[in-house]
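In order, the protein sequence lines correspond to chains H and E.
Under the working numbering, the final residue of the first sequence carries the number 368; numbering is consecutive throughout.
Under the working numbering, the final residue of the second sequence carries the number 422; numbering is consecutive throughout.
Taking it in order: structure first as structure tokens, then the write-up.
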Amino acid sequence: MYCVRCGVRLQEGVTACPLCGTPVWCPEAGERGPAATYSDRYPVLSRQKRLTVMASLTVGLLSVMVACCSIAVNTNGGMGWSFYVIVGVAAFYFAFLLPLWFRRPHPMIFVPVAFVSVCLLLWLLCRRVGGRWFWTFAFPLTAIVAALTIGAVALYRYVKKGTIFITGGLLMAVGGGCMLAELFQHLTFHTPMFAWSPYAATVFFLFGGFLILAGIIRPLREHLERRFFI
Amino acid sequence: MSRIWMPLDNAALIFPAIRRRNWNNVFRESVTLREEVDPVLLQRAVEELMPRFPSFYLRLKQGVFWYYLEEVASPPRVQEDYAYPLTFMTKREMGRCCLRVFYFRNRIAVEFFHVLSDGGGAMIYLKTLTARYLSLRYGVEIPAEEGVLDIREAPDPQELEDSFQKHAADHAAYCPEAPAYRLPGKRELGAFLRLVTGVIDAESLRAAAHAYGCTVTVLLAAVMGSCILEMQDEQLPPKRQKQVKITIPVDLRRLFHSRTLRNFSLTVNPGVDPRLGTYTLRELCAMFTHQLAAEITPQRMAGRIAENVEPQRNWLLKRVPVCLKTPVMRAVYNRRGERLGCINISNLGVQKLPAAMAPYVQRMEFIIGVQYSYPNNCSVVTAKGVTTINMIRSTESAELERRFFSRLVELGIPVTIETNR
Numbered sequence: 139m140y141c142v143r144c145g146v147r148l149q150e151g152v153t154a155c156p157l158c159g160t161p162v163w164c165p166e167a168g169e170r171g172p173a174a175t176y177s178d179r180y181p182v183l184s185r186q187k188r189l190t191v192m193a194s195l196t197v198g199l200l201s202v203m204v205a206c207c208s209i210a211v212n213t214n215g216g217m218g219w220s221f222y223v224i225v226g227v228a229a230f231y232f233a234f235l236l237p238l239w240f241r242r243p244h245p246m247i248f249v250p251v252a253f254v255s256v257c258l259l260l261w262l263l264c265r266r267v268g269g270r271w272f273w274t275f276a277f278p279l280t281a282i283v284a285a286l287t288i289g290a291v292a293l294y295r296y297v298k299k300g301t302i303f304i305t306g307g308l309l310m311a312v313g314g315g316c317m318l319a320e321l322f323q324h325l326t327f328h329t330p331m332f333a334w335s336p337y338a339a340t341v342f343f344l345f346g347g348f349l350i351l352a353g354i355i356r357p358l359r360e361h362l363e364r365r366f367f368i
Numbered sequence: 002m003s004r005i006w007m008p009l010d011n012a013a014l015i016f017p018a019i020r021r022r023n024w025n026n027v028f029r030e031s032v033t034l035r036e037e038v039d040p041v042l043l044q045r046a047v048e049e050l051m052p053r054f055p056s057f058y059l060r061l062k063q064g065v066f067w068y069y070l071e072e073v074a075s076p077p078r079v080q081e082d083y084a085y086p087l088t089f090m091t092k093r094e095m096g097r098c099c100l101r102v103f104y105f106r107n108r109i110a111v112e113f114f115h116v117l118s119d120g121g122g123a124m125i126y127l128k129t130l131t132a133r134y135l136s137l138r139y140g141v142e143i144p145a146e147e148g149v150l151d152i153r154e155a156p157d158p159q160e161l162e163d164s165f166q167k168h169a170a171d172h173a174a175y176c177p178e179a180p181a182y183r184l185p186g187k188r189e190l191g192a193f194l195r196l197v198t199g200v201i202d203a204e205s206l207r208a209a210a211h212a213y214g215c216t217v218t219v220l221l222a223a224v225m226g227s228c229i230l231e232m233q234d235e236q237l238p239p240k241r242q243k244q245v246k247i248t249i250p251v252d253l254r255r256l257f258h259s260r261t262l263r264n265f266s267l268t269v270n271p272g273v274d275p276r277l278g279t280y281t282l283r284e285l286c287a288m289f290t291h292q293l294a295a296e297i298t299p300q301r302m303a304g305r306i307a308e309n310v311e312p313q314r315n316w317l318l319k320r321v322p323v324c325l326k327t328p329v330m331r332a333v334y335n336r337r338g339e340r341l342g343c344i345n346i347s348n349l350g351v352q353k354l355p356a357a358m359a360p361y362v363q364r365m366e367f368i369i370g371v372q373y374s375y376p377n378n379c380s381v382v383t384a385k386g387v388t389t390i391n392m393i394r395s396t397e398s399a400e401l402e403r404r405f406f407s408r409l410v411e412l413g414i415p416v417t418i419e420t421n422r
């Protein structure tokens with residue numbers, strides 16, 4: 139039997155060419171299909187194992203939360219210390235374990251979710267201890283880290299070229315973030331201004347600038363690639 | 002009792018670092034016999050080969066600074082084959098043994114994680130395993146020739162050496178290459194790999210290659226190159242087109258007279274730039290022949306080995322923990338390793354069999370897995386006058402296979418097609 143389109147010879151009993159899908163008509167072949175070249179045995183997929191592990195982890199963490207809650211209520215008559223355990227475990231679950239349910243978790247969804255859960259955790263803690271540091275320090279700091287992380291993920295994922303420029307730019311942005319972080323620290327806790335951030339920012343600016351320079355000067359980039367290739 | 006252990010050879014260093022949750026570098030070699038395989042006797046043959054092939058019965062372990070290989074307590078159990086070749090070898094399986102032996106009807110198949118050996122070394126193991134199985138099954142005495150080793154002999158230290166260290170030049174031959182065109186394709190759901198096998202009369206393929214004044218490998222690479230050029234031309238405007246390059250592994254054993262059974266091969270990437278014009282098949286054959294001839298010389302290969310060996314010998318890098326080296330190696334591999342070729346064509350060449358063994362064997366096959374970012378790969382072996390070309394893919398469309406085999410038919414080479422689905 140030959141495929142009329144591809145010209146290749148086919149196995150006896152096939153109903154269509156495996157290359158182009160052209161149906162094969164061969165009255166002598168009858169109903170019998172081609173002889174199997176492989177068995178019907180399939181390996182156990184890793185997804186099933188992952189789902190089992192994730193389900194066990196979820197049940198385990200839920201039990202920890204319920205146990206903490208019941209112990210606290212029975213001994214103190216209120217939430218007490220168990221509050222911190224419960225919100226901490228919940229934030230950890232949403233930030234780090236939730237993406238593992240999925241085979242290919244999309245970072246543009248789960249990175250913001252992680253930061254929202256951390257933000258909520260900090261807000262609850264701030265309210266619990268009666269602090270005044272959430273809106274002027276914790277929230278802006280988390281927002282800066284979130285913006286930098288999401289920006290990095292988006293740029294590395296969707297911009298195929300200019301990795302060296304992106305890395306350089308991000309390092310410089312981290313340097314700027316350090317300065318802002320110290321500003322919020324100063325506004326909230328009245329610590330001295332510019333005590334540590336200029337040093338960190340200088341290192342990040344220098345390193346980021348060097349990477350951008352290496353991206354512009356091709357011989358330098360090639361020299362670095364050659365020297366640092368492992 | 003202390004177990005034998007050995008560090009990874011230079012080529013193997015990269016494979017544990019680049020493996021992913023659903024992909025790693027495994028290849029398969031198989032032999033199809035005239036009669037159905039007896040799994041009990043096959044298991045016995047696998048066990049009896051263990052003292053002769055100490056570099057194959059190993060498991061992968063992680064040290065502080067490097068991965069290493071450690072002798073297994075017991076040989077692997079033979080298993081019935083799966084529905085598709087090269088199923089994912091899990092980390093746990095590698096921790097038991099980096100070698101798997103399968104049987105299905107008349108076929109004996111062995112799958113190797115690439116840290117153990119390359120296609121050339123693995124073929125010697127497969128031939129010796131088949132010879133031992135046939136001796137147990139039919140009582141035939143198969144002499145130690147044509148790649149079959151005598152299992153009563155002790156392993157030769159030269160078979161266990163890392164030949165890369167021995168044959169590296171004093172100076173590295175660094176040569177940056179442009180990235181190649183990436184074949185497109187919608188990935189299959191799950192890990193299923195589709196295999197299309199083209200069975201060809203070796204003599205007609207050789208005659209066609211001689212008509213074009215080249216070797217069989219070059220002819221196949223040129224045909225593949227012309228198909229990929231066509232596909233790229235249909236998909237991309239000329240300004241955005243990239244080089245079309247075929248990755249061809251080169252067995253260095255013959256070049257350096259090495260007897261090692263461990264990895265000893267390098268790849269070369271002959272190719273053409275479609276932005277410079279169009280190419281006929283004859284021109285592609287001539288260009289690939291000249292590019293391979295210029296690249297595959299002992300001096301050039303020794304320089305390239307030195308380039309790979311240099312970082313392994315670096316005092317500082319040796320002392321960096323493996324957990325830090327792994328992400329860096331992976332990043333470097335992503336940037337350089339898989340971007341330099343469109344597809345692999347790995348040709349094991351003509352495999353001769355001892356005269357006493359040949360009547361029991363129908364044919365041999367060689368299958369390499371897909372790369373992490375290449376959706377297609379191609380492997381070739383010739384035995385008993387039959388050339389089998391295995392094209393494997395992780396995508397749904399068989400467009401490349403259709404063009405490739407149709408082009409061979411157009412050249413006057415009859416092709417019989419088999420698939421695993």
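Every residue gets a Cβ at the ideal spot worked out from N, C-alpha and C, and that includes glycine.
According to DSSP, which residues form a beta bridge with residue i?
| i | result |
| --- | --- |
| Pro161/H | Ala154/H |
| Thr383/E | Val351/E, Thr388/E |
| Tyr104/E | Glu81/E, Ile109/E |
| Ala181/E | Gln244/E |
| Leu308/H | DSSP output for Leu308/H lists no bridge partner at all. |
| Val27/E | Phe114/E |
Please list, in chain order, all residues of the same chain as residue i whose beta carbon is under 6 Å from its beta carbon, the five residues on each side excluded.
| i | result |
| --- | --- |
| Phe342/H | Leu309, Val312, Gly313 |
| Met392/E | Val197, Cys379, Glu402 |
| Arg153/E | none |
| Met317/H | Ser335, Ala339 |
| Arg270/H | none |
| Pro243/H | Pro237 |
According to DSSP, is residue i part of a helix, a strand, or is it coil?
| i | result |
| --- | --- |
| Met365/E | strand |
| Gly96/E | helix |
| Lys246/E | strand |
| Phe367/H | The predicted model places Phe367/H with a pLDDT of 44, which falls under 50 and marks its position as unreliable; any figure quoted below should be read in that light. The answer is coil: DSSP assigns Phe367/H none of H, G, I, E or B. |
| Gly350/E | strand |
| Gly199/E | strand |
| Ile5/E | coil |
| Gln63/E | strand |
| Leu70/E | strand |
| Ile209/H | helix |
| Arg147/H | strand |
| Thr420/E | strand |
| Glu400/E | helix |
| Leu412/E | coil |
| Glu49/E | helix |
| Gly347/H | helix |
| Val137/H | Past the edges of chain H, shown from 139 to 368, lies residue 137/H, and the structure says nothing about it. |
| Thr33/E | strand |
| Arg138/E | helix |
| Val371/E | coil |
Cβ closer than 7 Å: which chain H residues qualify as neighbours of residue i?
| i | result |
| --- | --- |
| Arg433/E | What is shown of chain E runs 2 to 422, which leaves residue 433/E out entirely. |
| Ala84/E | Tyr176, Ser177, Asp178, Arg179, Tyr180 |
| Thr88/E | Pro181 |
Along chain E, in chain order, which residues have C-beta atoms closer than 7 Å to that of residue i?
| i | result |
| --- | --- |
| Thr175/H | Glu419, Asn421 |
Skipping 5 residues on each side, what residues in its chain have a beta carbon closer than 8 Å to that of residue i?
| i | result |
| --- | --- |
| Leu184/E | Ile229, Met232, Cys343, Ile344, Tyr375, Pro376, Asn377, Leu401 |
| Leu195/H | Leu235 |
Just to make sure I have the definition right: I need the residues of chain E whose C-beta is within less than 9 Å of the C-beta of residue i. Which are they?
| i | result |
| --- | --- |
| Pro336/H | In chain order: nothing, as chain E lies at least about 30 Å away. |
| Glu360/H | Pro177 |
Who are the neighbours of residue i on chain E, taking C-beta pairs under 8 Å?
| i | result |
| --- | --- |
| Arg147/H | Pro415, Val416, Thr417, Ile418 |
Residues of chain H with a CB under 8 Å from the CB of residue i: which are they?
| i | result |
| --- | --- |
| Glu142/E | Correct list: empty, because the minimum Cβ distance to chain H is about 31 Å. |
| Glu81/E | Ser177, Arg179 |
Might you give, ordered along the chain, the residues of its own chain that have their beta carbon closer than 7 Å to the beta carbon of residue i, omitting 5 neighbours on each side?
| i | result |
| --- | --- |
| Leu1/E | Outside the modelled stretch of chain E, which goes from 2 to 422, sits residue 1/E, for which no answer is possible. |
| Ala222/E | Ile247, Ile249, Pro271, Phe289, Ile346 |
| Val116/E | Leu9, Ala13, Phe16, Pro17, Leu61, Leu70, Cys99 |
| Leu206/E | Val217, Thr388, Ile414 |
| Ile368/H | In this prediction, Ile368/H scores a pLDDT of 38, lower than 50, which makes its location untrustworthy; the coordinate-derived value is nonetheless stated afterwards. Taken in chain order, the list of residues that qualify is empty. |
For residue i, return the contacting residues in chain H, with the cut-off set at a CB-CB distance below 9 Å.
| i | result |
| --- | --- |
| Ala123/E | Correct list: empty, because the minimum Cβ distance to chain H is about 20 Å. |
| Val197/E | Pro156, Leu157 |
Counting only runs of 4+ residues fully inside the region 253 to 323 of chain E, write out the alpha helix (DSSP H) ranges in chain order.
-> 253 to 257, 282 to 296, 299 to 314, 316 to 319
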